[in-house]
Amino acid sequence: ALMGTRAGIARELERVEQQSQLEQLSVAELQSRNHDHWATWLQEYRARLDKDLEGAGDAAAWQAERVRVMRASNPKYVLRNYIAQNAIEAAERGDFSEVRQVLKLLETPYQCEAGTATEPEATEARGATGGQHSYSSKPPLWAAELCVT
22 ALMGTRAGIA
32 RELERVEQQS
42 QLEQLSVAEL
52 QSRNHDHWAT
62 WLQEYRARLD
72 KDLEGAGDAA
82 AWQAERVRVM
92 RASNPKYVLR
102 NYIAQNAIEA
112 AERGDFSEVR
122 QVLKLLETPY
132 QCEAGTATEP
142 EATEARGATG
152 GQHSYSSKPP
162 LWAAELCVT
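Sequence positions in the sequence shown follow the numbering used here and run 22 to 170.
See below:
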C-alpha cells in the first residue's frame, strides 16, 4: 500500500520527472549543465565571502576563524566500510594495531594530529587490494565493491 502525504507524493513524482529529464541528456550536455551550475554557485559563494570580509577588518584573522569553524564542523576522519574492513581483516590475523589506530582516529575525528602516527600520510589502508590509501581521503576504488552484511 502506498502511504504518504500529497506533498510527499508530489515531491517524489517531481524527482521521477527530473530523473527522466536527466537521463535524456547527453554526456556533453550534462557536463555543460554541471559546469554552469558550479560556476554560478562559485560566483555566489565568492560574493558571499567578499561581503563577509567587508565587515571583518583583519582579513587574516577572519580567514583563520573561518577555517577554524569549518574544521570544527567537518570531521577529518569518518568510519567508512573499507576502513572497518581493513581493521577486521587485520584483527582476524591477530593484529589489533589497526583496530587501535582506527579507534584513536575516531576518538578525535575533527583534529589533525600532526607529527603522530595518525598523520594522513602515515595512516594507510591496506585492504583487499594491498594498495595504500589515506583514511582522510576519498575511498579507494576497490571499496565500492564492499557490501555490508
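Note that the Cβ used here is the ideal one computed from N, Cα and C, for glycine as well.
Taking the beta carbon of residue i as the centre, do at least 16 other beta carbons fall within 10 Å, making it buried, or is it exposed?
i: I109; result: exposed
i: I30; result: exposed
i: Y98; result: buried
i: A82; result: exposed
i: Y103; result: buried
i: N107; result: buried
i: C168; result: exposed
i: A93; result: exposed
i: T137; result: Reliability of the predicted coordinates at T137 is poor, the pLDDT of 42 falling under 50, and the value obtained from them is presented with this limitation in mind. With fewer than 16 other Cβ atoms within 10 Å, it is exposed.
i: A164; result: buried
Using the C-alpha atoms, what's the distance from residue j back to residue i?
i: G78; j: S47; result: 47 Å
i: Q52; j: L126; result: 37 Å
i: R101; j: R114; result: 20 Å
i: V120; j: Q84; result: 36 Å
i: K72; j: T129; result: 33 Å
i: E86; j: T26; result: 43 Å
i: V123; j: A105; result: 8 Å
i: N55; j: W62; result: 10 Å
i: L34; j: Q42; result: 12 Å
i: E44; j: V37; result: 11 Å
i: D57; j: E50; result: 11 Å
Might you give, ordered along the chain, the residues of its own chain that have their beta carbon closer than 8 Å to the beta carbon of residue i, omitting 5 neighbours on each side?
i: F117; result: A111
Could you give the first and the last residue of the continuous alpha helix (DSSP H) run that contains residue i?
i: R121; result: S118 to E128
i: E33; result: R27 to E44
i: W163; result: No alpha helix (DSSP H) contains W163, which DSSP labels as neither H nor E.
i: N95; result: Element bounds for N95: n/a, residue is neither H nor E.
i: V61; result: In the sequence under discussion, the amino acid at residue 61 is Thr, which differs from the Val named in the question. Counting along the chain, the alpha helix (DSSP H) containing T61 begins and ends at V48 to E75.
i: E103; result: Correcting the residue identity first, residue 103 is Tyr in this sequence and not Glu. N102 to E113 is the extent of the alpha helix (DSSP H) around Y103.
To which residues of the same chain is residue i closer than 6 Å at the C-beta, ignoring the five residues directly before and after it?
i: P160; result: R101 and Y103
i: R89; result: none
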